[in-house]
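One line per chain: the protein sequences are P and A, in this order. All residue numbers for the first sequence refer to our numbering, where the first residue is 1 and numbers rise by one. All residue numbers for the second sequence refer to our numbering, where the first residue is 1001 and numbers rise by one. Idealized CB from N, CA, C, for every residue including glycine.
There are 2 protein chains.
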Amino acid sequence: MGDVFESTDSVRTARPLKYAQHATFHEPLELELGGRLPEVTVAFETYGRLNARRDNAVLICHALSGDSHVARHDADDDPGWWDVLVGPGKPIDTDRYFVISPNCLGGCRGTTGPDSLNPTTGQPYATDFPVVTVGDIVDVQRRLVDHLGIKRLRAVIGGSLGGHMTLTWATRLPERVAGAIAVATSARLTSQALAFDVVGRNAILRDPAYHEGRYYDQDHGPNVGLAIARMLGHITYLSRESMMQKFDAERLKPRNVRTQFETKFAVGSYLAYQADRFGERFDANSYLTLSMAIDLFDLGDTPEKLTAVLEQSSCRWLLMSFTSDWLFPPFQSREIVNALIASGRPVSYCNVESDCGHDAFLLPNQIGVYGELIRAFLANLVNGDCPNFRLSENGTVPLAASATPPSPLQVPTSPADTSIFQHRRLDYDTILDLIPPGASVLDLGCGTGELLARLRDRGHRQVMGIEWDEQAIVACVRRGLDVVQTDLNKGLAAFADGQFDIVVLSQTLQAVLDAPRVLHDMLRVGRRGIVSFPNVAYRKMRAELAQQGRAPRVHAEYGFQWHNTPYVRSLSISDFEEFCRQQGFKICQQVALDTEANAPVHNDPNLNADVAVMVLSM
Amino acid sequence: MGDVFESTDSVRTARPLKYAQHATFHEPLELELGGRLPEVTVAFETYGRLNARRDNAVLICHALSGDSHVARHDADDDPGWWDVLVGPGKPIDTDRYFVISPNCLGGCRGTTGPDSLNPTTGQPYATDFPVVTVGDIVDVQRRLVDHLGIKRLRAVIGGSLGGHMTLTWATRLPERVAGAIAVATSARLTSQALAFDVVGRNAILRDPAYHEGRYYDQDHGPNVGLAIARMLGHITYLSRESMMQKFDAERLKPRNVRTQFETKFAVGSYLAYQADRFGERFDANSYLTLSMAIDLFDLGDTPEKLTAVLEQSSCRWLLMSFTSDWLFPPFQSREIVNALIASGRPVSYCNVESDCGHDAFLLPNQIGVYGELIRAFLANLVNGDCPNFRLSENGTVPLAASATPPSPLQVPTSPADTSIFQHRRLDYDTILDLIPPGASVLDLGCGTGELLARLRDRGHRQVMGIEWDEQAIVACVRRGLDVVQTDLNKGLAAFADGQFDIVVLSQTLQAVLDAPRVLHDMLRVGRRGIVSFPNVAYRKMRAELAQQGRAPRVHAEYGFQWHNTPYVRSLSISDFEEFCRQQGFKICQQVALDTEANAPVHNDPNLNADVAVMVLSM
């Protein structure tokens, strides 16, 4: 049980945050659901230097129990809650970006919240503190960004509740955000997640020590209720798998902790310890306030409503979820991605493979994927001026001495680029020739984005990829491409009819189980589809079967045999032609290739070509 | 929100159970973890009549919040908690079986528990009530079964905690149980499920109204803590999907309930209502006692330990889990099944497709699958005498007037039997011929069990099937066969080396992605493997490719084309022979068939046979 007390939070004593700055805004804050605050103070920390163009600022939004201390300021500093991500040379590189990390409205670490003194009474607000929405939290953050003299943020980033803030920035203040990175979040909670919050609040509200919220002059607040809520929350942040790894082996060997909670089981001693520590640093009224803000957050309960909201955004988007996150399950990120696709907004998405649950976004385990995606996405953001927007006050932040322009990101040669699919080049050349100049293109199974990058270099402005492989997705984002992780067998429902001029399915048809669905979808989404596939009736393969009695092998040169090939479908050009007739697809153009001879085939393609490229329409 | 207050529990007022009988045992009960009870009373209900041979008794074990009232006794009676399953003509048919349903030790509905009077003090036991294990609960149930004069139960059945009791009956009292049906249960809780229990107990124990357990003479007990525990439990009984269906659409429209808990959200009003009702009928000390019994239950934390325990059993087994159950997730049932397989015990298993979560086992939604599996399993159980076992007292239950012998269960002709695979018959005949008399046989992809049933009819005593399709599994259990739901691509790790004489893979190889793994596993588990597959080099298919340029189509007569065939692999006899040489498999015997001509092929099988049957060994 060596690591049982490793916390995924930055558990610190409640002493004041050493590096926190404070800004107080005396203009009253009118709240979205009614009520007002006569003034608001924001505690925040900054990292790195604002450049001369004031265009390298990244705003970080914390989750329920976070605060402004996102990262260490120096080696002696306390750990920050996102040290894995933020710092010199790290994915959010403080040598390149000016990082702003405020404590949020309603919190209890320096920003105005229920434990702050109400200037009109001189007493803590307690339950006089109004109901706060994510919109209100963002409104206060906007005041801070104004105060810092920043017109437009390079990016806003946050996970969980911080993701809700990110979504709100991008949709309510689109002119202020060049890039939005929303991690492990949702457009609204699931009813399951909401129910856990309700139980946690009930535990606090019905704790006799809650004293209707006015416990600040008592010996103690609703520590038991807050601890129950925290224990419950903690379970939901972990995955079943990670709890198994931590606690299964020595279930009945609890660590000896001083607590009034049950410690019969190892997991109980862990939860008791975490909950007791949480009570030392967190205010129960803040917990109630922020958990209610999460529960009230709702960008829309239908795809249509969600799309209408996300259409307000004008930034580039990166969304990430984690496969084992059951509190903000991946399908919820996917709902946001689908709505962004439907509104034609540039978006990349990856559902990162992880067994760490919701906490994954705070942990080093998958930083190689989610951190690299963030690094690559940030590096490719262009923070242009927003001509229609003017700051009301001048900037107050000292600028960096020498503001260097961002250097173009090095795109390393991905192993996949030199992979078995190098033979595709002739295929790619052909496909490139078949795509009209300037056409918008969606590439299904885009790999590391080679075809899309070539199109972009040729001047195509709207290109997008669909891919399954995590590392290929990272490579695409490094190239500055928009790519969304999708299982092609599940179709392209997110895309609108005719959303692209051309949809490409290059050497992927034979690996897809439900080819009719994919082909119908591509011809619904694209005005034209371009399909390339290996022809099983190529003369060599005919001979293999007819003369040697061996099943035709596609790409045998790569060691693919009947039992280990990634291809689950085999078809000839004639098969495909018949299929198109049956389905009512029109073959507008057909190019047959002999890739061994590196030449097009004009005579009897079904016999002489090993690869066919077809342009289809409905 | 019309159905929001439908409860999956049998929410009743706490008035005494009208049909409950009571048996008091004056011999002291020594408890497994120390302590003793001077006497024990058991409340129980019975349904149906015990037959003359006293061999038709079925014991039903309830879960945490259940009681003896498993089903209505008549039309005017209150609903029972398992009415969907128990009654005349229902899957546990009270016209055929004598059903016994006791309230369990530690409960609060008539059986001795913490709220019972301690005869030595005249006061409620309260916290003097000893720690009770599932073993103790079963020990008391055994006394009741003895008292009823039943040597050997036709079956013990239970879900959740009731499943823990079932597992304990079958392993500690093997001579008393012919069949064990364990539903939505586990060998031990996951650490996640355990953690939820810990939080619930903490809420009760730290409620000031708990009064260290001695609240029976107070105005009220720890109602808030018990309600928090119940709300939490309730969330874990539902699935995310079922909560979405119930609460997502009208999230902010709570029902108007009289409660002191938060009712801002629909799901909150639901949880508050359920929790308040629960507090009216359930005792907090019973909740603590039974949840601790669940948490302490542990049949073994490694496959080896679990196997050693399950080896003690001598009954037939049926296990079922539900795909969306995250409290007792399917992999935990599978662990039990794997251990039973490893110990060579007869077992059937199905992971029933459901979106109802843990509660699925109480609901009508999937009764067509789990109910029919139970009905079929019970009908095929033989409750023979246990020669070495003698009851200590005579039976006390009046027997049914005319004890009719159970009629053999009608096996309806399954649609799958008359399906596209009728052509398999020649294939099957050949395979039957190749299996030595009396051999033990495992059939991978056994379908509705036709081959296995023919083997059993031929006198083979140890035959077993692996299948994926739910309805095919029901058909197998109806035939009285043992069948375990398994995805063949995940291998046969549960089976021991050489566990069967013969392992059959009939017309399934071409549908499996990872053929090498499956074939290696079959030759590890069986002394011999028998594989049949379609030969893609059959002359008709060679001609199709060579002359018409069409991809070879296996079973084109069923409409299978390149894009819709269930087959993802195609191979010829020569391909397979080469593969066997590469892998070091020995082809002991080979039969080639022309199923169109309905004849064996002796001349050039790779050209003239459409199906090959091979006997392999390592």
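Chain A contact for residue i (CB, 8 Å cutoff)
{"i": "Ala339(P)", "result": "no"}
{"i": "Val568(P)", "result": "yes"}
{"i": "Met244(P)", "result": "yes"}
{"i": "Leu17(P)", "result": "no"}
{"i": "Leu144(P)", "result": "no"}
{"i": "Leu545(P)", "result": "yes"}
{"i": "Val224(P)", "result": "yes"}
{"i": "Ala623(P)", "result": "An answer regarding residue 623(P) cannot be provided, because it is not within the stretch 1 to 618 covered by chain P."}
{"i": "Ala537(P)", "result": "yes"}
{"i": "Ala400(P)", "result": "Note that Ala400(P) scores 45 on pLDDT, short of 50, meaning its location in the model is unreliable; the coordinates nonetheless yield the value given after this. With 8 Å as the cut-off, Ala400(P) does not count as an interface residue toward chain A."}
Short CB-CB distance (under 8 Å) between residue i and chain P
{"i": "Trp1562(A)", "result": "yes"}
{"i": "Val1198(A)", "result": "yes"}
{"i": "Val1601(A)", "result": "no"}
{"i": "Leu1523(A)", "result": "no"}
{"i": "Glu1262(A)", "result": "yes"}
{"i": "Asn1606(A)", "result": "yes"}
{"i": "Pro1534(A)", "result": "no"}
{"i": "Asp1248(A)", "result": "yes"}
{"i": "Arg1454(A)", "result": "no"}
{"i": "Ile1060(A)", "result": "no"}
{"i": "Arg1550(A)", "result": "yes"}
{"i": "Arg1334(A)", "result": "no"}
{"i": "Arg1255(A)", "result": "no"}
{"i": "Ile1420(A)", "result": "Residue placement at Ile1420(A) is flagged as unreliable, the pLDDT there being 40, under the threshold of 50; the coordinate-derived value follows with that caveat. Not one chain P Cβ lies under 8 Å of Ile1420(A)."}
Limits of the unbroken beta strand (DSSP E) element including residue i
{"i": "Gly357(P)", "result": "Taken as a continuous stretch (DSSP letters only), Gly357(P) belongs to no beta strand (DSSP E), as it is neither H nor E."}
{"i": "Lys586(P)", "result": "Lys586 to Asp594"}
{"i": "Tyr349(P)", "result": "Val347 to Val352"}
{"i": "Leu1105(A)", "result": "First-last for Leu1105(A): undefined, no H or E at that position."}
{"i": "Met320(P)", "result": "Arg316 to Phe322"}
{"i": "Met464(P)", "result": "Val463 to Glu467"}
{"i": "Thr112(P)", "result": "Thr112(P) -> no beta strand (DSSP E), and no H or E assigned at all."}
Residue i, enclosing alpha helix (DSSP H) - first and last residue
{"i": "Glu241(P)", "result": "Arg240 to Phe247"}
{"i": "Phe576(P)", "result": "Ile573 to Gln583"}
{"i": "Ile530(P)", "result": "No alpha helix (DSSP H) holds Ile530(P); the beta strand (DSSP E) holding it covers Gly526 to Pro534."}
{"i": "Val1199(A)", "result": "Ser1191 to Leu1205"}
{"i": "Gly34(P)", "result": "Counting along the chain, Gly34(P) falls outside any alpha helix (DSSP H), and DSSP gives it neither H nor E."}
{"i": "Asp1487(A)", "result": "No alpha helix (DSSP H) holds Asp1487(A); DSSP gives it neither H nor E."}
{"i": "Ser343(P)", "result": "Element bounds for Ser343(P): n/a, residue is neither H nor E."}
{"i": "Phe1377(A)", "result": "Ile1367 to Ala1379"}
Presumed contact (8 Å Cβ cut-off) between residue i and residue j, rounded CB distance
{"i": "Trp1169(A)", "j": "Val1183(A)", "result": "No, Trp1169(A) and Val1183(A) are not in contact; Cβ-Cβ is about 14 Å, not under 8 Å."}
{"i": "Met530(P)", "j": "Val613(P)", "result": "The identity of residue 530(P) in the sequence shown is Ile, whereas the question assumes Met. The pair is a contact, with the Cβ atoms about 7 Å apart (cut-off 8 Å)."}
{"i": "Ala20(P)", "j": "Gly110(P)", "result": "5 Å"}
{"i": "Val1536(A)", "j": "Leu1488(A)", "result": "In fact, because the Cβ distance is near 20 Å, the residues do not count as touching under 8 Å."}
{"i": "Thr1133(A)", "j": "Ala1293(A)", "result": "6 Å"}
Chain-ordered chain A contacts of residue i [CB-CB under 8 Å]
{"i": "Met231(P)", "result": "Ala1195, Val1198, Val1199 and Asn1202"}
{"i": "Ala379(P)", "result": "Under the 8 Å cutoff, chain A gives no residues; its nearest Cβ is about 36 Å from Ala379(P)."}
Closer than 9 Å at the beta carbon, the chain P residues around residue i
{"i": "Pro1516(A)", "result": "His563 and Asn564"}
Where residue i meets chain A, residues with beta-carbon distance less than 9 Å
{"i": "Arg240(P)", "result": "Thr1190, Ser1191, Gln1192, Ala1193, Trp1326 and Pro1329"}
Pull out every residue of the segment 1570 to 1596 of chain A whose Cβ sits closer than 7 Å to any Cβ of chain P, in chain order.
Ser1570, Leu1571, Ser1572, Ser1574, Asp1575 and Phe1579
Can you list, in chain order, the residues of the segment 1179 to 1213 of chain A whose Cβ is nearer than 7 Å to any Cβ on chain P?
Thr1190, Ser1191, Gln1192, Leu1194, Ala1195, Phe1196, Val1198, Val1199, Arg1201, Asn1202, Ala1203, Leu1205, Arg1206 and Pro1208
Residues of the segment 1290 to 1313 of chain A whose Cβ lies closer than 9 Å to any Cβ of chain P, in chain order
Met1292, Asp1295, Leu1296, Asp1298 and Asp1301
Compile a chain-ordered list of the residues in the segment 263 to 279 of chain P whose CB is closer than 7 Å to at least one CB of chain A.
The segment 263 to 279 of chain P vs chain A, Cβ under 7 Å: Phe265, Val267, Gly268 and Leu271.
With 8 Å as the limit, tell me which residues of the segment 1472 to 1488 of chain A have their beta carbon closer than that to any beta carbon of chain P; keep them in chain order.
none
Where the segment 1060 to 1078 of chain A meets chain P: residues whose CB sits under 7 Å from a CB there:
none
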